[in-house]
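When we follow our numbering, the leftmost residue of the sequence shown carries the number 22, and every step to the right adds one.
In this text, a Cβ means the ideal position worked out from N, Cα and C, and glycines have one as well.
Small disclaimer: the values here were computed from a predicted structure and weren't measured.
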Amino acid sequence: MAAGKEHYVGMPQLDPEFMGTQVFWLVVALIVIYFLLAKVAMPRIESILAERHGAIQRDLDQAAELKLRAEEAEKSYQQALAEARSEAQRIAAETKAEIGKELETALAKADAEIAAQSTESEARIAEVRASAVDSIKTVAGDVAADIVKAILPSAADAKAVASAVASKMKG
Numbered sequence: 022m023a024a025g026k027e028h029y030v031g032m033p034q035l036d037p038e039f040m041g042t043q044v045f046w047l048v049v050a051l052i053v054i055y056f057l058l059a060k061v062a063m064p065r066i067e068s069i070l071a072e073r074h075g076a077i078q079r080d081l082d083q084a085a086e087l088k089l090r091a092e093e094a095e096k097s098y099q100q101a102l103a104e105a106r107s108e109a110q111r112i113a114a115e116t117k118a119e120i121g122k123e124l125e126t127a128l129a130k131a132d133a134e135i136a137a138q139s140t141e142s143e144a145r146i147a148e149v150r151a152s153a154v155d156s157i158k159t160v161a162g163d164v165a166a167d168i169v170k171a172i173l174p175s176a177a178d179a180k181a182v183a184s185a186v187a188s189k190m191k192g
């Protein structure tokens, strides 16, 4: 060691003797890093970001288009549903009217058959009633004649007995 120089004790990076060269190389390193970043890394990063932005924008545009299509499909579905409901109501009304007409026709036919059977039954009842009245008159006349003969054998007049039975049958 030289006689007039002191030796620096401590960290060699902080030695003032080497400080100038360290600052020079620091500036050179920073300039090289700056140019590497500016000319190589940043263009790559910018292109990647631009691609991502483009992809995201395409996806958003496609999503908006699909949303519009979905809304149009929903509108057409709602319209078709409304048309189907109105058609179903129309068909139900037509069917109800048709069934009502058939029911009226069937009821009219049944009423006519019932009226015909009722008239026929009334005629039969009238015949049976007339036959029953005639039979009652005959039986009553025979019974009355037999009773009169049994009680008064000499006063047995057939015409008188028949006229008495007829007057009692009337009222």
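Between the segment 143 to 162 and the segment 180 to 189 there are three or more inter-stretch CB-CB distances shorter than 8 angstroms, so the stretches are counted as touching. Following the DSSP letters along the chain, one finds Pro64 inside the alpha helix (DSSP H) bounded by residues Met63 to Ile172. DSSP places Gly31 in the coil class of the three-state scheme, outside both helix and strand. Buried is the label assigned to Val182, since at least 16 other Cβ atoms lie within 10 Å of its Cβ.
Rounded to whole angstroms, Ala118 and Asp155 show a C-alpha spacing of 54 angstroms.
Between the alpha carbons of Trp46 and Asp82 lies a distance of about 51 angstroms.
Straight through space, the alpha carbons of Ala59 and Ile52 are spaced by roughly 10 angstroms. Between Ala185 and Ala153, the CB-CB gap reaches or exceeds 9 angstroms. When rounded, the separation of the alpha-carbon atoms in Pro64 and Asp80 is 24 angstroms. Going by DSSP, Lys180 is part of the alpha helix (DSSP H) stretching over Ala179 to Lys191.
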